[in-house]
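Residue 467 in the numbering used here sits at position 467 of the sequence shown, and the numbers go up by one each step.
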Amino acid sequence: MLNQNFTPSELEPKISAYWESINQGAPKNNGPAYCIMVPPPNVTGSLHLGHALQLTLMDTLVRFQRYQGKNVLLQVGTDHAGIATQMVVERQLAEQNITKDQLSREEFIDKIWEWKAQSGGRITQQMRQMGVSVDWDNERFTLDQGFSRAVQDSFIKLYQEGLIYRGKRLVNWDTQLLTAVSDLEVINENRSGQLWYIDYPIDESTTITVATTRPETMLGDQAICVHPDDERYQALIGKTASIPLTERRIPIIADTHVDPEFGTGCVKVTPAHDFNDYEIGMRHQLELVNILNPDGTLNEYCPKAYQGLDRIAARKQIIQDLKEQALLNKIEPHTLTVPIGDRSMTILEPMLTDQWFMNMKVMAEKALQAQTQGELGFIPSNWDKTYAQWLTDIQDWCISRQIVWGHRIPAYYDSDGNVFVGNSETEIRKTHQVKGELTQDQDVLDTWFSSALWPFATLGWPEKTSRLSEFYPNQLLITGFDIIFFWVARMVMLGMHLTDQVPFPQVYITGLIRDEKGQKMSKSKGNVLDPLDLINGITLDALVEKRTTGLMQPAMREKVKQATLKAFPNGIEAHGTDALRFTMLSLCTHGRDIKFDIQKLKSSQHFCNKIWNAARLLSSYQDTTLTKDHPSDALVIDALNHKINQLIQDLDQHLNSYRFDLYATALFDFFWHQYCDWFIECLKASQSQKLLDAMNQAFDAILILYHPSLPFITESIWQNRHGNDQSITEQDYPTISTWITNDTTHQAFTALQALIRGVRSIRSELNIAPKCTIDLFSVKDEQKTLSTHRDLIQKLAKIGNIMHEQAPEAACAYVDDHYHIVVPLEGLVDAPQEAARLRKKIAKKEKEIEKMQAKRSRPDYATKAPLTLQKQDEIAFSQLQSEHKTLMQYLHALEKICN
1 MLNQNFTPSE LEPKISAYWE SINQGAPKNN GPAYCIMVPP PNVTGSLHLG HALQLTLMDT
61 LVRFQRYQGK NVLLQVGTDH AGIATQMVVE RQLAEQNITK DQLSREEFID KIWEWKAQSG
121 GRITQQMRQM GVSVDWDNER FTLDQGFSRA VQDSFIKLYQ EGLIYRGKRL VNWDTQLLTA
181 VSDLEVINEN RSGQLWYIDY PIDESTTITV ATTRPETMLG DQAICVHPDD ERYQALIGKT
241 ASIPLTERRI PIIADTHVDP EFGTGCVKVT PAHDFNDYEI GMRHQLELVN ILNPDGTLNE
301 YCPKAYQGLD RIAARKQIIQ DLKEQALLNK IEPHTLTVPI GDRSMTILEP MLTDQWFMNM
361 KVMAEKALQA QTQGELGFIP SNWDKTYAQW LTDIQDWCIS RQIVWGHRIP AYYDSDGNVF
421 VGNSETEIRK THQVKGELTQ DQDVLDTWFS SALWPFATLG WPEKTSRLSE FYPNQLLITG
481 FDIIFFWVAR MVMLGMHLTD QVPFPQVYIT GLIRDEKGQK MSKSKGNVLD PLDLINGITL
541 DALVEKRTTG LMQPAMREKV KQATLKAFPN GIEAHGTDAL RFTMLSLCTH GRDIKFDIQK
601 LKSSQHFCNK IWNAARLLSS YQDTTLTKDH PSDALVIDAL NHKINQLIQD LDQHLNSYRF
661 DLYATALFDF FWHQYCDWFI ECLKASQSQK LLDAMNQAFD AILILYHPSL PFITESIWQN
721 RHGNDQSITE QDYPTISTWI TNDTTHQAFT ALQALIRGVR SIRSELNIAP KCTIDLFSVK
781 DEQKTLSTHR DLIQKLAKIG NIMHEQAPEA ACAYVDDHYH IVVPLEGLVD APQEAARLRK
841 KIAKKEKEIE KMQAKRSRPD YATKAPLTLQ KQDEIAFSQL QSEHKTLMQY LHALEKICN
């Protein structure tokens, strides 16, 4: 017997451990392969709602596909997260008064591996709590031995093909982390700043004024540029001007890149510290001069007065010096876009450095062709355009990082600076006959380089393993829109280039999860919801502490605290994993961000309780003596079979079209509004053993059908019903052919439902007490339902006598294609009171009808309103008219009593 209450915290750990003990996620079937790659979370990470959403969708699909007999792999693993992990360990060492510089490279890497062994598995433990049925015995890590070989082989191959090269280029430089970062790792923030107008002397009597947002870069200027058609400056093109505070003169040049409307129409050109200036510098063959040290201080190229100053401090000093020399013309407020590093949150600097790059043009063409030829598509399809635009305008990828945690670049330099790329120093010496000293490159590869190999390197590539041949290409990728460029496009490009295959034919893009007000969740805003808190519960004090830690502005603490107290006055109660999973499915609509609603989570919890209680009810009949059968059994059983058949079809359709919201709705509606509201009530009314047997058979099928979305509760109930050695995951999936149904009897049951709803509607509208037994007059009963299923109807609708003589006038009628029944009202209601209440309700309904009529009568409605909206309005208007007609009938019946 099941416990009285469904307590997820007691059941879920046991079920999770059981699944892992039988390696439930391992590929076992002999059918067609079906593979989804779990996007590898950072080894430093912890579960957030975005993870919970994606894991729910993936796990629901793979559990469903296993039931279809497919050989399923949900591949799991973690990413070494180069910069993020190194930052974590550096902070940990700092607490011990140890800096990275005090350790050798090898010692520091050993410290990181120690950290990973102790703390790096946190997120995979949290994934287990989500019930994700991955192949835990084959978990991968982007720095494990096999994966490292795949990374090294791919780098060498691309280098040999000329697609990877080393060059001095302008990159985004993080002065705190002391490394280059990708363009995609830049957060462009709009900030209030200033525009400084600086006078550059041309001769003793003439100056040219330049507007800039970064005065300190003036020290690296190589030219002043104007638009060639700007008449104001035609006479100055070709002359030179002095850079203030220096002894250098620079040419005045013309380039169409300049916007004559910005500032004075003159711009300073600093090719080594601005991406646009770099392009101008290339066109005009200007010198590239770097004025910054890696830490953001000014270097020896600058006047001595500024050398060693931080760029921000140097700016202040330069502005002061310009004022003193009367060269600062004016200052204006100006909103500008500032590049911020997404890891360090510091302002990035365009910096001229030696880096490794990947030529993306050729691979991008292939990846774009895969999409245009239908080999790759996005769901929803609007992301196709985003993907295509980025590939069309793609730039070469800076793949080197100046950190130590990661895949070290397999390049070696001799004493003359010649570069050799290979698997090892020994191999390079043998291949290239190098005799002298060789030094390996200090840089590591961008983390996204190794992640781009995820769909096939996890399966053993470059070895031709059985897993690779079985599960590559994958069938589907589920991920967020924010890494289409970081990860999805790069997987497609490298997958096609290295394996000659598109790594997956479909990419499902999830929406962004927002808070209840529609705002993006952020720790800095204090509105984040931790999925584990939703599963396990959290006290109010702990929730407030969590949400007020790490705020962008400490002054927001009280505001966040009050908002939390209002939204969660008692903290968050435990809801369990299944409730969270079902909520995620329910909210997951195509192409829309998800507004998380705690009330929806509560509803999902109630749904789980409903399933649990239904299981308990069925099991309670084990000790009850029932009648062998009931006259209505055939009708009810056929109807139940029909509903299950329809459910099977609907679930297949919704999952195959990735309409997870419709899938969840179908599950909810069938169980709550059909199985419980009707069939269990029929069982209670009939007390028939035959119907109970059918209900138990149906309930087993329901548990299997619901298992992909609600794995814990269904497994727990199944084992309770069939024994602990029976896993629901090993059962056959219900098929339509199993549930033989009769359309005629199904239609009869539908008619019976309509009759009972009609009686219940009369009760509800006229406030007749639910426990009150009422009589019924049958005027028309074409299918003889009232006589054939009299006992069932009397119990379900709380009907006393069913009479066939002339009905009294003071009565309410229910009429449809099959029935005309009349419920007498005399003595059941307070007629004057109910009549007054109905008149108010009718008046309100008439206003709604009038408003809808006005809307649909507008001259531009038929031509401008979307057809879907017009259809919705037509249905709503018809419903309003029907409701108004029914209410009027009820009012007339009451008025007859009153008169």
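No residue lacks a Cβ here, since even glycine has one placed at the ideal position from N, Cα and C.
Everything numeric in this text was worked out from a predicted model, so none of it was measured.
By the 16-neighbour rule on beta-carbons within 10 angstroms, ASN474 is buried. Check the Cα spacing between VAL132 and each of ILE208, VAL38 and GLY162: the tightest is with VAL38.
Judged by DSSP in its simplified three-state form, ALA567 adopts helix.
Assignment of beta strand (DSSP E) within the stretch 804-829, counting only whole runs of 3 or more residues, yields 811-815 and 819-824 in chain order. For LEU651, the CB contacts under 7 angstroms within the same chain, skipping 5 residues up- and downstream, are TYR663, ALA666 and LEU705 in chain order.
Restricting attention to HIS884, LEU828, THR270 and ALA836, the CA atom closest to the CA of LYS847 is found in HIS884. Residue environment analysis places TYR301 among the exposed positions, since fewer than 16 neighbouring C-beta atoms fall within 10 angstroms of its C-beta. Counting only residues of its own chain and dropping the five nearest sequence neighbours on each side, GLN689 has a CB closer than 8 angstroms to the CB of LEU626, THR627, LYS628 and ASP629. Beta-bridge annotation (DSSP): GLN506 is paired with GLY377. GLY25 has its alpha-carbon roughly 8 angstroms from the corresponding atom of TRP19. By the Cβ test, the stretch 495-502 is not in contact with the stretch 582-600, since fewer than three Cβ pairs between them sit closer than 8 angstroms.
The shortest CA-to-CA distance from THR78 to any of ASN724, ILE399, ASN3 and SER450 is the one to SER450. Assignment of ALA411 by DSSP, reduced to helix, strand and coil, places it in the strand class.
When secondary structure is reduced to three states using DSSP, GLN440 falls in the strand class.
Straight across, the Cα-Cα distance linking ASP259 with GLY265 is about 6 angstroms.
In this structure, MET58 is the residue among VAL43, GLN674, ILE36 and MET58 with its C-alpha nearest to the C-alpha of ARG659.
Looking at the backbone, the Cα of GLU573 and that of ILE598 are separated by about 11 angstroms.
Per the coordinates, the alpha-carbon of LYS795 lies some 6 angstroms from the alpha-carbon of ALA685.
Here THR85 is near TRP405, since their CB atoms are less than 8 angstroms apart.
Taking all protein chains in view, the Cβ of CYS898 is surrounded by fewer than 16 other Cβ atoms within 10 Å, so the residue is classified as exposed. In the assembly as shown, TRP113 is an exposed residue. Its beta-carbon has fewer than 16 other beta-carbons within 10 Å. Rounded to whole angstroms, the Cβ separation of HIS273 and GLU349 is 7 angstroms, and the two are in contact under 8 angstroms. Straight-line spacing of the CA atoms in ALA305 and LEU352 works out to 23 angstroms. Here SER604 is buried, its C-beta having at least 16 other C-beta atoms within 10 Å. Per DSSP, the continuous alpha helix (DSSP H) segment holding SER586 begins and ends at 577-587. A direct Cα-to-Cα measurement between GLN126 and LYS430 gives close to 48 angstroms. Assignment of ASN641 by DSSP, reduced to helix, strand and coil, places it in the helix class. Excluding its 5 nearest sequence neighbours in each direction, ALA411 has C-beta neighbours in its own chain below 6 angstroms: VAL419, VAL421 and ASP441, listed in chain order. Your pair THR179 and GLN402 checks out as a contact, with CB atoms roughly 4 angstroms apart and the cut at 8 angstroms. The Cβ-Cβ distance between TYR814 and VAL759 falls below 8 angstroms. Inter-residue distance for LYS523 and ILE535 is about 19 angstroms (C-alpha atoms, whole angstroms). Taking every protein chain shown into account, the CB of ALA94 has fewer than 16 other CB atoms within 10 angstroms, so this residue is exposed. Per the coordinates, the alpha-carbon of LYS780 lies some 5 angstroms from the alpha-carbon of TYR819. By the criterion of a C-beta distance shorter than 7 angstroms, GLU681 is surrounded in its chain by LEU796, once the five residues flanking it on both sides are discounted. Distance from THR337 to ASN188 at the Cβ level is roughly 5 angstroms; contact confirmed, criterion being Cβ atoms closer than 8 angstroms. Judged by their CB atoms, GLN145 and TRP115 are not nearer to each other than the 8 angstroms cut-off.
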